[in-house]
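Worksheet: the structure to be examined is printed underneath.
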Amino acid sequence: MKDHSPEDVLILAIESSCDETAAAVVKNGRTVCSNVISSQIETHTVYGGVVPEIASREHIKAINYVIERALAEAGTSLADITAIGVTYGPGLVGALLVGVAEAKAIAYAAGKPLIGVHHIEGHVAANFIENPELEPPFVCLIVSGGHTHLVIVRDYGEFEIIGRTRDDAAGEAFDKVARAIGLGYPGGPKVDQAAKEGNPEAIVFPRGKVEGSPYDFSFSGLKSAVLNYLNHARMTGEPIRQADVAASFQKSVVDSLVSRAMLAVEEYGFDKLAIAGGVAANSALRAAMAEACRENGVKFYYPSPILCTDNAAMIGSAAYYEYRKGNLAGWDLNAIPNLKLGERG
Ligand code: KG4
Ligand code: ZN
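Its first residue numbered 6, the sequence shown is counted upward by one per residue in the numbering used here.
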């Protein structure tokens, strides 16, 4: 491989926690040598969401090819790889198992160390890839299909959770509202797109607050408000402007996310804020957060959209920091579908 010296740590990373089969080669935690993603979205679209059994089968079909391509695109081979990193939770158990079994088999056969990575730790690490100067501590807003967490990243892989959703995750809210207004699956990107044509002030939806917990989120009330609005409009025969509903809903979510994140940065005295997870790809969130950070003199970090949604490059980055700490997994590494953040199974 070009530009590679014997001291470099090359991680082959594998991610299969949901509906993306992904493999990547990452050098020294920050340089992406390859990043291959095989999406199953089209297979699941007809069902309106991810079907776990189908996801597992699709991972099995794709994984060897995806890994071979990741190695080939990086211009390397297993012999040059330092260690194998793999997502072992949280996620769909059958989907996770495909990646974990594959990583164990490769690591064992090639005599390489194995590293188990927390999927959400991976999402946070996506920020290290394009921001070489970013180092902990900083505040991070993690917004994905399954998680909405406000954390202080104390050190690599060390998180203090200061806020979380009490009900739906932000991405889940996007997906449910998208379905309700007929945009289909996957909802987040479609709402993002539709909202560009809509008026965010057209409908005033509630900004979910959790009494006494200033950093917590709640999106189920917002989702109900959107459903009530749609029912009411249908009953009274009022026209429903899909783009206005999308833009107004999105504005409510973005306001909630930005206000909590800015409060955390201010109250805890940080001058660095990062966002992570699939919803971090949302154009309105990125714009609003950038503006709030500019106004408050806070440095704002965000991954490219392709590194926000599920990928293995972020897993390779997180695996590197676990490797440096000596956190290696045994051959008994198992998939943990409900693995908590900051917990090692
Ligand atoms: O991080 P991710 O790829 O998978 C999980 O770990 O959950 O996040 C997927 C979530 C989905 O709910 C999807 O609708 C949402 O991220 N998402 C978006 C956008 N792109 C993906 N939500 C809003 N705007 C987007 N542009
Ligand atoms: Zn994810």
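Built from N, CA and C at the ideal position, the CB exists for glycine as well.
ALA18 and VAL91 - do their beta-carbons sit closer together than 9 Å?
yes
Would you list the residues sitting across from VAL215 in a DSSP beta bridge?
DSSP lists no partner for VAL215.
I need the DSSP call for CYS23, collapsed to helix, strand or coil.
coil
Can you check the segment 159–227 for any alpha helix (DSSP H) of at least 4 residues that lies completely inside it and give the ranges in chain order?
175–185, 192–200
Contact between the segment 173–189 and the segment 141–158 is defined here as three or more beta-carbon pairs at a separation below 8 Å; is this criterion met?
yes
I'd like to check one pair, GLU296 with ALA252: are the Cβ atoms closer than 9 Å?
no
Contact check, LEU155 vs TYR220 under 8 Å by CB: the rounded distance?
5 Å
Report back the beta-carbon spacing between PRO211 and SER257 to the nearest angstrom; my notes put them in contact at under 8 Å.
7 Å
With a cut-off of 8 Å, do at least 3 Cβ pairs link the segment 313–322 to the segment 22–31?
yes
Where SER82 sits in the DSSP three-state scheme
coil
Cβ neighbour criterion (16 or more within 10 Å) applied to ALA88:
buried
Write down every uninterrupted run of the alpha helix (DSSP H) in the segment 236–319 whose length is 4 residues or greater and which is fully enclosed by it, in chain order.
247–273, 288–301, 310–313
Going by Cα to Cα distance, which pick from SER82, SER22, GLU12 is closest to SER61?
SER22
Is the Cβ-Cβ distance between GLY40 and PRO308 less than 9 Å?
Looking at the sequence shown, residue 40 is not Gly but Asn. No, these two residues do not count as a Cβ contact at 9 Å.
Apart from the five residues just before and just after ASP13, which ones in its own chain have a Cβ nearer than 8 Å to its Cβ?
LYS32, ASN33, THR87
Check whether the Cβ of GLN45 lies closer than 9 Å to any Cβ atom in chain B.
In the structure shown, chain B cannot be found, because there is only a single protein chain.
Starting from HIS123, follow the beta strand (DSSP E) in both directions and report where the run begins and ends.
119–123
At what residues does the alpha helix (DSSP H) containing VAL105 begin and finish?
98–115
For the ligand ZN, any of its heavy atoms closer than 8 Å to the Cβ of ASP173?
no
Which stretch, first to last residue, makes up the alpha helix (DSSP H) that contains THR92?
Per DSSP, THR92 belongs to no alpha helix (DSSP H); it is in the beta strand (DSSP E), 88–94.
Tell me whether LYS66 sits in a helix, a strand or coil according to DSSP, three-state version.
helix
Hey, is GLY283 close to the ligand KG4, as in C-beta under 8 Å from one of its heavy atoms?
yes
Closer than 5 Å to the ligand ZN: residues, by C-beta to nearest heavy atom, in chain order
SER149, ASP315
Alpha carbons only, please: which of HIS123, TYR93, TYR190 is nearest the one belonging to PHE164?
HIS123
Residue of ASP249, ALA114, ILE245 minimising C-alpha distance to ALA84
ALA114
Would you mind giving the Cβ-Cβ distance between ALA340 and GLY53, rounded to the nearest angstrom? I have them listed as a contact below 8 Å.
Incorrect: roughly 25 Å between the Cβ atoms, too far for contact.
7 Å Cβ shell around LEU333 - same chain, five flanking residues per side excluded
PRO118, LEU119, ILE120
Inter-residue spacing [alpha-carbon to alpha-carbon] between GLU216 and PHE222:
10 Å
Own chain partners of GLY226 with C-beta closer than 6 Å, once the 5 adjacent residues on each side are dropped
PRO211, GLY213
In or out: LYS345 buried (at least 16 other Cβ within 10 Å) or exposed?
exposed
Among ILE46, LEU278, THR81, which has the Cα closest to the Cα of THR314?
ILE46
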